[in-house]
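Colleague:
Number of protein chains: 2
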Amino acid sequence: MKQANTFRETKQRNAIHTILDEAKRPLSPQEMLALADVHVPGIGIATIYRNIKIMVEQGVLSSVDIPGEPSRFILPQHRKTHLFLDKESGVAMMFDLDLPGIKRRLPRGMKAQDVTLFCTGTLQAPPKKKKAKG
Amino acid sequence: MKQANTFRETKQRNAIHTILDEAKRPLSPQEMLALADVHVPGIGIATIYRNIKIMVEQGVLSSVDIPGEPSRFILPQHRKTHLFLDKESGVAMMFDLDLPGIKRRLPRGMKAQDVTLFCTGTLQAPPKKKKAKG
DNA sequence: CAAAGCATGATATTTCTTTAACAAAATTAA
DNA sequence: TTAATTTTGTTAAAGAAATATCATGCTTTG
Chain A
12 MKQANTFRET
22 KQRNAIHTIL
32 DEAKRPLSPQ
42 EMLALADVHV
52 PGIGIATIYR
62 NIKIMVEQGV
72 LSSVDIPGEP
82 SRFILPQHRK
92 THLFLDKESG
102 VAMMFDLDLP
112 GIKRRLPRGM
122 KAQDVTLFCT
132 GTLQAPPKKK
142 KAKG
Chain B
12 MKQANTFRET
22 KQRNAIHTIL
32 DEAKRPLSPQ
42 EMLALADVHV
52 PGIGIATIYR
62 NIKIMVEQGV
72 LSSVDIPGEP
82 SRFILPQHRK
92 THLFLDKESG
102 VAMMFDLDLP
112 GIKRRLPRGM
122 KAQDVTLFCT
132 GTLQAPPKKK
142 KAKG
């Protein structure tokens, strides 16, 4: 019998979702490939792109554009307003920060819909979290 | 006698500089082609890219990266800190705006070298300037 | 104004990111 | 477990931006 078009659960698809959930930051397709490869050795770049496309259409993934860089992707629940990019490592992070009345402070004629900070510099490694009973 | 490697003055090169000087905003190579073509009909895209490269090396031009867009270029004397992009028209503008102590307000671990606002929305046409005796 | 050599325009090529094609493998429903 | 259908990995190919090539045209210098 012919089935309706439905999505299947695969190791690869689960791995892609897992690494995005754990990263909590925007990942490039290449970063996703490297991280997913730990869970599913041999996973191919086409699988990454294929699932990015599908997940974005489903609304499970959201894209993040960065100046002069390929797009990154993040789970919507991890998305924040502003961006920080460590240009050495290519690691991108998002963060929130209130900029009160920022839209009203723009020059005449600039009616902004979105306003985000884009910062570049160096990311210091956060102190290791102590595990309970660790 | 063999000449030292020197730069020559051409219609094309002058036109490229002129349009950048008049625009006072970041232009994409395609925008530059269209605008320069008014001054020098038939100018080719290769000439645009060639001169962009040369002028950037000379420090006469400075590049401006925009998320999800090809690079724009601006004369250094027109460069400002922040960016506004009209996504409809593709027109980019720069502006200054003080964000006091912004670097100190970033989350722990983010040591920023550069902090710029990136705004998208709609650009309203500025009111026409009246010329003296106009 | 003539020779030397840089610049131009048209086009081919490169580079990088993303998508397509397809046989084989994996998943699902019965 | 079987049969149907989706997914995967490999590899080719598409798209877009930027660069290289090269015959011809311009600038410059003497």
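Each protein sequence line maps, in turn, to chains A and B.
The numbering of the first sequence is the working numbering, which starts it at 12 and goes up by one.
The numbering of the second sequence is the working numbering, which starts it at 12 and goes up by one.
Cβ atoms here follow ideal geometry from the backbone N, Cα and C, with glycine treated the same way.
Which runs of the beta strand (DSSP E), 3 residues or longer, sit entirely within the segment 57-118 of chain A?
Modeller: Whole beta strand (DSSP E) segments, 3+ residues: 73-77, 80-85, 93-97 and 102-106.
Colleague: Whose C-alpha, out of B/M66, B/R90 and B/N62, is nearest the C-alpha of B/V196?
Modeller: Only positions 12 to 145 of chain B appear in the structure, and residue 196 of chain B is not among them; the question remains open.
Colleague: Flag this pair as yes or no: are the beta carbons of B/L46 and B/L86 separated by less than 8 Å?
Modeller: One-based indexing of the second sequence puts residue 46 of chain B at position 35. One-based indexing of the second sequence puts residue 86 of chain B at position 75. Their beta carbons are not under 8 Å apart, which means B/L46 does not touch B/L86 by this criterion.
Colleague: If contact is defined by three or more beta carbon pairs under 8 Å, each pair taking one atom from either stretch, is the segment 45-63 of chain A in contact with the segment 20-31 of chain A?
Modeller: Judged by Cβ distances under 8 Å, the segment 20-31 of chain A makes contact with the segment 45-63 of chain A, as three or more pairs qualify.
Colleague: Roughly how many whole angstroms lie between the Cα atoms of A/Q41 and A/S73?
Modeller: Taking the first sequence and counting its residues from 1, one reaches residue 41 of chain A at position 30. Taking the first sequence and counting its residues from 1, one reaches residue 73 of chain A at position 62. The straight-line gap from Cα to Cα measures roughly 16 Å.
Colleague: Using a Cβ-Cβ cut-off of 7 Å (strictly less than) and excluding sequence neighbours within five positions of B/T58, which residues of its own chain qualify?
Modeller: Here residue 58 of chain B refers to the residue found at position 47 of the second sequence. Correct list, in chain order: Q23.
Colleague: Output needed in chain order: residues of the segment 36-65 of chain A with a Cβ under 7 Å from some Cβ in chain B.
Modeller: Going along the segment 36-65 of chain A in chain order, one finds no residue with a Cβ nearer than 7 Å to chain B.
Colleague: Give the residues of chain B in contact with A/R116, contact being defined as C-beta atoms less than 7 Å apart.
Modeller: To locate residue 116 of chain A, count along the first sequence from 1; it is residue 105. Under the 7 Å cutoff, chain B gives L108.
Colleague: Just checking my contact of A/L134 with B/V126 at CB under 8 Å: how many whole Å lie between their CB atoms?
Modeller: For the purposes of this step, residue 134 of chain A is taken as the residue at position 123 of the first sequence. For the purposes of this step, residue 126 of chain B is taken as the residue at position 115 of the second sequence. Their Cβ separation, rounded to whole angstroms, is 14 Å, which puts A/L134 and B/V126 out of contact at 8 Å.
Colleague: Any Cβ of chain A within less than 8 Å of the Cβ of B/T17?
Modeller: Numbered from its first residue, the second sequence carries residue 17 of chain B at position 6. Chain A, which has no Cβ nearer than 8 Å to the Cβ of B/T17, makes this no.
Colleague: For B/T131, which of helix, strand or coil comes out of DSSP?
Modeller: Taking the first residue of the second sequence as 1, we reach residue 131 of chain B at position 120. Three-state DSSP puts B/T131 in a strand.
Colleague: Hey, quick one: how far does the alpha helix (DSSP H) through A/P40 stretch, first residue to last?
Modeller: As a first step, residue 40 of chain A must be located in the first sequence, where it is residue number 29. Element bounds for A/P40: P40 to H50.
Colleague: Name the chain A residues that come within less than 8 Å of B/V126, Cβ to Cβ?
Modeller: Taking the second sequence and counting its residues from 1, the one referred to as residue 126 of chain B is at position 115. By Cβ distance, chain A contributes L128, F129 and C130.
Colleague: For B/R115, count neighbouring Cβ atoms within 10 angstroms of its own Cβ and tell me buried if that reaches 16, exposed if not.
Modeller: For the purposes of this step, residue 115 of chain B is identified with residue 104 of the second sequence, where counting begins at 1. So B/R115 counts as exposed.
Colleague: Using 8 Å as the limit for Cβ to Cβ distance, is B/F84 near chain A?
Modeller: Position 73 of the second sequence, counting from 1, holds the residue named residue 84 of chain B. No - not a single Cβ of chain A is within 8 Å of the one on B/F84.
Colleague: Would you please verify whether the beta carbon of A/A123 is less than 8 Å from any beta carbon of chain B?
Modeller: Here residue 123 of chain A corresponds to residue number 112 of the first sequence, with the count starting at 1. True, the Cβ-Cβ gap to chain B drops below 8 Å.
Colleague: Determine the contact status of B/M105 and B/L117, defining contact as a CB-CB distance below 8 Å.
Modeller: On the second sequence, position 94 is the one that residue 105 of chain B refers to. On the second sequence, position 106 is the one that residue 117 of chain B refers to. No.
Colleague: Answer with buried or exposed for B/R83, where buried requires no fewer than 16 other C-beta atoms within 10 angstroms of its C-beta.
Modeller: Stepping through the second sequence from its first residue, residue 83 of chain B is reached at position 72. Buried, by the Cβ-count rule.
Colleague: Pop quiz: B/P78 and A/P78 are said to be a contact at Cβ under 8 Å. What is the actual Cβ separation, rounded to whole angstroms?
Modeller: To locate residue 78 of chain B, count along the second sequence from 1; it is residue 67. To locate residue 78 of chain A, count along the first sequence from 1; it is residue 67. B/P78 to A/P78, Cβ: 5 Å. Contact.
Colleague: Looking only at its chain, what residues have a beta carbon closer than 6 Å to the beta carbon of A/I56, apart from the 5 residues adjacent to it on each side?
Modeller: Translated into positions along the first sequence, residue 56 of chain A becomes position 45. Excluding sequence neighbours, A/I56 sits near L44.
Colleague: To which residues does DSSP link B/D125 through a beta bridge?
Modeller: Stepping through the second sequence from its first residue, residue 125 of chain B is reached at position 114. The partner list for B/D125 (beta bridge, DSSP) reads A/T131.
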